[in-house]
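**Q** Chains A and B supply the protein sequences, listed in that same order. Position 120 of the first sequence, counted from 1, bears residue number 120 in full-length UniProt numbering, the numbering being contiguous throughout. Position 190 of the second sequence, counted from 1, bears residue number 190 in full-length UniProt numbering, the numbering being contiguous throughout.
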Amino acid sequence: MIEIVSRERCIACDRCVEVCPRNVFDRGADGVPVIARQADCQTCFMCEAYCPADALFVAPLAHPARPDSPLRDEDRLAAAGLLGSYRREIGWGRGRTPGARFAVGPELPATPPPIVTTVTTRTEIGEGIGDTISEEVTR
Amino acid sequence: MTRPLELTTDVLVIGGGPAATWAALKAAQAGADVVLADKGYCGTSGAAASAGTGIWYVEPDPEAREKAMASREALGGYLADRRWMVRVLDQTYAGVNELATAGRYPFPIVDGRPLRRGVQGPEYMRRMRILVRRAGVRILDHSPVTELLVAADGSVAGAAGHRLQTDEPYRVRAAAVVLATGGCAFLSGTLGCHVNTGDGHLMAAELGAELSGMEFSNAYAIAPEFTTLTKTAYYSFATFYREDGSVLEGAGSTRGRSVIARALLREKVYCVLDRADAETQAKMRLGQPNFFLTFDRLGIDPFTQRFPITLLLEGTVRGTGGIRVVSEDCATSVPGLYVAGDAATRELICGGFTGGGSHNAAWAIASGAWAGQGAARYAASLGPAANRRPATGAGGAGLRPTGAPDRNLGHRDVVAAVQAEVLPYDKNYLRHGDRLTPALEALHGVWREVRAGLHGTGADAVRTRQAAAMTAHARWMYTAALARTESRGMHKREDYPDQDPAWRHRLLVGGLDEPWTRPDEVAPVGPEEFAALGSPGLAGTSGAYLRAAS
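So, in structure tokens, the structure goes:
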């Protein structure tokens, strides 16, 4: 769900208010949009794609992140390059080539997966930004 | 109450996804004045915008076309119609090429040639919006329709709804209406589908339209647990594990999904995409960048680390059922009402099975184009007098309760009650009459309460109507699922595990307070019937065309 509208980065263009398919944002009194109906967010990342200032962050969870979640820590997310990462991936923004130009996926395997006998250690917790996330996902 | 915004037009398109934009574009190109009303924002709302999708795009080479048509006929239980496949392949080929040229869509270049077999959702829908606007279509964003308007003779005469960002009611008088409202995923959390609540199905049924294929409604997609990221195709590179670390044998992204559902009833299921080599991994990132947003942001390497998964219901978004199409211009049985995309049945090209993208994307383009053109022709035949017809709102459940509004009955309660019957794997996916029957009974009870007492006004009416639409949708699904006493396509009955030759026909369902079913008198045209027809011409056959093989 949408978690962050960066007050520092926002240029008050209201593009997110306009494009959100679920009408999650309201115009803010000072120009910075407000997350008015977070429960309606469908985690589709479209607002991020359209934000020209990379000011938004959508956490990849179908429920609100906890108050102390790193997914709500703007400085940390910015340092990890995650603000604006979707827009970068799809090649939107001045001077970029649309990602659609390169979007050739792999051939999908036709055969069913083989039965694997060696069992690797289960790793739920990733590195860096994900340190405390897996617990949140599996709560 | 605020005085509503009033517009008049020739063709009103309801929806904002691929099918809606193709319908609006083609209606405008045919000379009609067009208004497009989207529940969200045309360009971002709907199942296609937020994803990437393959398209059933096949070069007009006889061998390639034959292969494309034959590939899924068995999977769909031979309920498809080859005459429709032929014309959908033609129209899709033309449409995608128009997107490339007029729409300047940046298709990938492979070996010096454009590869047009798929699109990236955000880019596709951004360009469709531009094409639609350039064609002169008036777009109403954030303007969900809550009911159709009906003329005295029973024909459709426009629609009414509520503009969310200005909080004002609105009405559009129109000679013809195209419903391109998508399927219904029951707010299950599947990617981009929160606007897909089956509203169009309810509105069409209120005017007497029938539905078809509603038993093929149990598509479930794989997603990492607690996320919305449903992209099942990439899980063909996965190995699935139980909680204790042992491999879940037989689990897979295609035929093995029911194994996962069965396991999920008892325990958590994990997976690793460990069958993708380095080159494949790189291609996966290029092909579907948003697939990796979730993993990158959670700090999970899906190729080496296990993560818990879930199955999310995609209902009739990736099931095949929808409003019945009665002629080759995608008209419904209601005069002036046309239907396109996931709102329409896709049995005609894929029988009892679709899944994501591919056929659905092709159907959106083709049915959208035909519905738009058909609606424009119909509007022209009525002339300017069309919008002077007296027109009344046709909306019932959720809008005009039959009894006193029940203040204790909220739309959230209704949605929760419906979800309790349609989301569980052991009711909808792993089907058995012993479980479907009580589920349907419960849904009938929800409907009676909704019909008698659910009420909303303004923006709240949008939500009460969604709740009513989901209730109606669920009842049509299970009424059809109980009637079809066999397993075919994606409809699998544990109590009727075999495909029964006597059931090789499509099943119609309809009705609001009293749902009914009956066999479709129009027979499927499979490969053998198609061969027996010779090479039937498609032009100028209209209604008779559909009845030809019955």
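Heads up, the beta-carbon is just placed ideally off N, CA and C, and yes, glycines get one too.
Keeping to the same chain, check which residues put their C-beta closer than 6 Å to that of LEU440/B; ignore five residues upstream and five downstream.
**A** Start at 1 with the first residue of the second sequence, and residue 440/B comes out as number 440. Excluding residues within five positions, the ones whose Cβ falls inside 6 Å are TYR478.
**Q** Distance check for GLY40/B and ILE130/B, CA to CA, integer angstroms please.
**A** Your numbering for residue 130/B matches position 130 in the second sequence. Your numbering for residue 40/B matches position 40 in the second sequence. Spanning the two alpha carbons is a distance of roughly 16 Å.
**Q** So is HIS142/B in contact with chain A if we call contact Cβ pairs under 8 Å?
**A** Locating residue 142/B in the second sequence gives position 142, counting from the first residue. True, the Cβ-Cβ gap to chain A drops below 8 Å.
**Q** Taking Cβ-Cβ distances shorter than 7 Å, what residues in chain D pair up with GLU89/A?
**A** The structure shown has no chain D; the protein chains it does contain are A and B.
**Q** Hey, quick one: how far does the alpha helix (DSSP H) through PHE530/B stretch, first residue to last?
**A** Counting from 1 along the second sequence, the entry for residue 530/B is found at position 530. Unbroken alpha helix (DSSP H) run through PHE530/B: 527-532.
**Q** Specify, as a first and last residue, the run of the beta strand (DSSP E) that ILE11/A falls within.
**A** Stepping through the first sequence from its first residue, residue 11/A is reached at position 11. ILE11/A -> no beta strand (DSSP E), and no H or E assigned at all.
**Q** Going by DSSP, name the residue or residues bridged to CYS184/B.
**A** Position 184 of the second sequence, counted from the first residue, corresponds to residue 184/B. Answer is THR197/B, bridged to CYS184/B.
**Q** Using a 10 Å radius around the Cβ and a threshold of 16 neighbouring Cβ atoms, would you call TRP516/B buried or exposed?
**A** For the purposes of this step, residue 516/B is taken as residue 516 along the second sequence, with counting starting at 1. Under this definition TRP516/B is an exposed residue.
**Q** Is the distance from the Cβ of LEU61/A to the Cβ of PHE291/B below 8 Å?
**A** Walking along the first sequence from the start, residue 61/A turns up at place 61. Walking along the second sequence from the start, residue 291/B turns up at place 291. Not closer than 8 Å, so no.
**Q** Within a Cβ cutoff of 6 Å, which residues of the same chain sit near LEU443/B, ignoring the five residues on either side of it in sequence?
**A** Taking the second sequence and counting its residues from 1, the one referred to as residue 443/B is at position 443. GLU421, ALA474, ARG475, listed in sequence order.
**Q** Give the straight-line distance between the Cα atoms of ILE14/B and ASP38/B, rounded to the nearest whole angstrom.
**A** In the second sequence, the residue the question calls residue 14/B occupies position 14. In the second sequence, the residue the question calls residue 38/B occupies position 38. The straight-line gap from Cα to Cα measures roughly 6 Å.
**Q** Pick out whichever of VAL339/B, ALA160/B, VAL317/B has its Cα sitting closest to the Cα of VAL326/B.
**A** Sequence index remark: in the second sequence, residue 326/B carries index 326 (1-based). For VAL326/B, the nearest C-alpha among the options comes from VAL339/B.
**Q** Spatial neighbours of ALA261/B within its chain, please: CB distance less than 7 Å, with the 5 preceding and 5 following residues excluded, ordered by chain position.
**A** What you label residue 261/B is simply residue 261 of the second sequence in a count that begins at 1. Excluding sequence neighbours, ALA261/B sits near TYR220, LEU311, TYR425, TYR429, LEU430.
**Q** Please compile the residues from chain B whose C-beta is within a distance smaller than 9 Å of the C-beta of GLU18/A.
**A** For the purposes of this step, residue 18/A is identified with residue 18 of the first sequence, where counting begins at 1. Ordered by position in chain B, the residues that pass the 9 Å Cβ test against GLU18/A are TYR41, ASP141, HIS142, GLN165.
**Q** I need the boundaries of the beta strand (DSSP E) containing HIS142/B, first residue and last residue.
**A** On the second sequence, position 142 is the one that residue 142/B refers to. Per DSSP, HIS142/B belongs to no beta strand (DSSP E) and is neither H nor E.
**Q** Thinking C-alpha only, which one of THR254/B, LEU265/B, THR230/B, PRO497/B is nearest ARG242/B?
**A** Indexing the second sequence from 1 puts residue 242/B at position 242. Comparing Cα positions, the closest option is LEU265/B.
**Q** Check each residue of the region 69-86 of chain A: if its Cβ is closer than 8 Å to any Cβ of chain B, include it; give the result in chain order.
**A** Going along the region 69-86 of chain A in chain order, one finds LEU71, LEU82, SER85, TYR86 with a Cβ nearer than 8 Å to chain B.
**Q** Cβ-heavy atom distance between GLY395/B and the ligand FMN below 7 Å?
**A** With respect to small molecules bound, the structure shown includes none, and the ligand FMN cannot be examined in it.
**Q** Counting only beta-carbon atoms, is LEU286/B nearer than 8 Å to chain A?
**A** Taking the second sequence and counting its residues from 1, one reaches residue 286/B at position 286. For LEU286/B, the answer is yes, since a Cβ of chain A falls inside 8 Å of its Cβ.
**Q** Would residue 551/B and GLN373/B be called neighbours here (beta carbons separated by less than 8 Å)?
**A** Any question about residue 551/B goes unanswered here, given that chain B covers just 1 to 550.
**Q** What three-state label does DSSP hand ASP296/B in the structure shown?
**A** Within the second sequence, residue 296/B is the residue found at index 296, counting from 1. Three-state result, ASP296/B: helix.
**Q** Look at the Cβ atom of CYS44/A, then the Cβ atom of LEU191/B, and state whether they are nearer than 8 Å.
**A** Within the first sequence, numbered from 1, the residue matching residue 44/A stands at position 44. Within the second sequence, numbered from 1, the residue matching residue 191/B stands at position 191. Yes.
**Q** Within 8 Å of any Cβ in chain B, is that where the Cβ of ARG66/A sits?
**A** Numbered from 1 along the first sequence, position 66 holds the residue referred to as residue 66/A. No, ARG66/A lies away from the interface with chain B (no Cβ there is under 8 Å from its Cβ).
**Q** So GLY99/A contacts chain B; which residues on that side make the cut at Cβ distance below 7 Å?
**A** For the purposes of this step, residue 99/A is taken as the residue at position 99 of the first sequence. The contacting residues are GLN120, PRO289.
**Q** Anyone know if the C-beta pair for ALA263/B and VAL269/B falls short of 8 Å?
**A** What you label residue 263/B is simply residue 263 of the second sequence in a count that begins at 1. What you label residue 269/B is simply residue 269 of the second sequence in a count that begins at 1. Contact flag set, yes.
**Q** Return helix, strand or coil for PRO108/B, following the three-state DSSP convention.
**A** Locating residue 108/B in the second sequence gives position 108, counting from the first residue. In the structure shown, PRO108/B sits in coil (DSSP, three-state: anything other than H, G, I, E or B).
**Q** Please determine if the region 448-468 of chain B and the region 127-147 of chain B are in contact, where contact requires at least 3 C-beta pairs separated by less than 8 Å.
**A** With a cut-off of 8 Å, the region 127-147 of chain B and the region 448-468 of chain B count as touching, because enough Cβ pairs lie within range.
**Q** Taking the alpha-carbon of residue 554/B as reference, which of ALA469/B, ALA386/B, ARG504/B has the nearest alpha-carbon?
**A** Residue 554/B is absent from the structure shown; chain B starts at 1 and stops at 550.
**Q** What does the alpha-carbon distance come out to for the pair ASP406/B and ALA452/B?
**A** The sequence position of residue 406/B within the second sequence is 406, counting from 1. The sequence position of residue 452/B within the second sequence is 452, counting from 1. Distance between the alpha carbons of ASP406/B and ALA452/B: 8 Å.
**Q** Starting from ALA49/B, find everything on chain A with Cβ-Cβ shorter than 8 Å and list it in chain order.
**A** Position 49 of the second sequence, counted from the first residue, corresponds to residue 49/B. Correct list: PRO21, CYS44, MET46.
**Q** Are GLN499/B and THR197/B touching if we call contact CB-CB under 8 Å?
**A** Numbered from its first residue, the second sequence carries residue 499/B at position 499. Numbered from its first residue, the second sequence carries residue 197/B at position 197. Cβ atoms of GLN499/B and THR197/B: not closer than 8 Å.
**Q** Which runs of the beta strand (DSSP E), 3 residues or longer, sit entirely within the region 78-139 of chain B?
**A** Segments of the beta strand (DSSP E) lying fully in the region 78-139 of chain B: 118-120.
**Q** What is the DSSP secondary structure of ALA379/B, counted as helix, strand or coil?
**A** Looking up residue 379/B in the second sequence gives position 379. In the structure shown, ALA379/B sits in a helix (DSSP, three-state: H, G or I).
**Q** Which value, in whole angstroms, describes the spacing of the CA atoms of THR485/B and GLU74/A?
**A** Residue 485/B sits at position 485 when you count from the first residue of the second sequence. Residue 74/A sits at position 74 when you count from the first residue of the first sequence. Rounded to whole angstroms, THR485/B to GLU74/A spans 55 Å at the Cα level.
**Q** Within 10 Å of its beta-carbon, does VAL137/B have 16 or more other beta-carbons around it, so buried, or fewer, so exposed?
**A** As a working mapping, residue 137/B is identified with position 137 in the second sequence. VAL137/B is buried by the Cβ-count criterion.
**Q** Is the Cβ-Cβ distance between LEU229/B and ALA223/B less than 8 Å?
**A** Looking up residue 229/B in the second sequence gives position 229. Looking up residue 223/B in the second sequence gives position 223. Yes, the Cβ-Cβ distance between LEU229/B and ALA223/B is below 8 Å.
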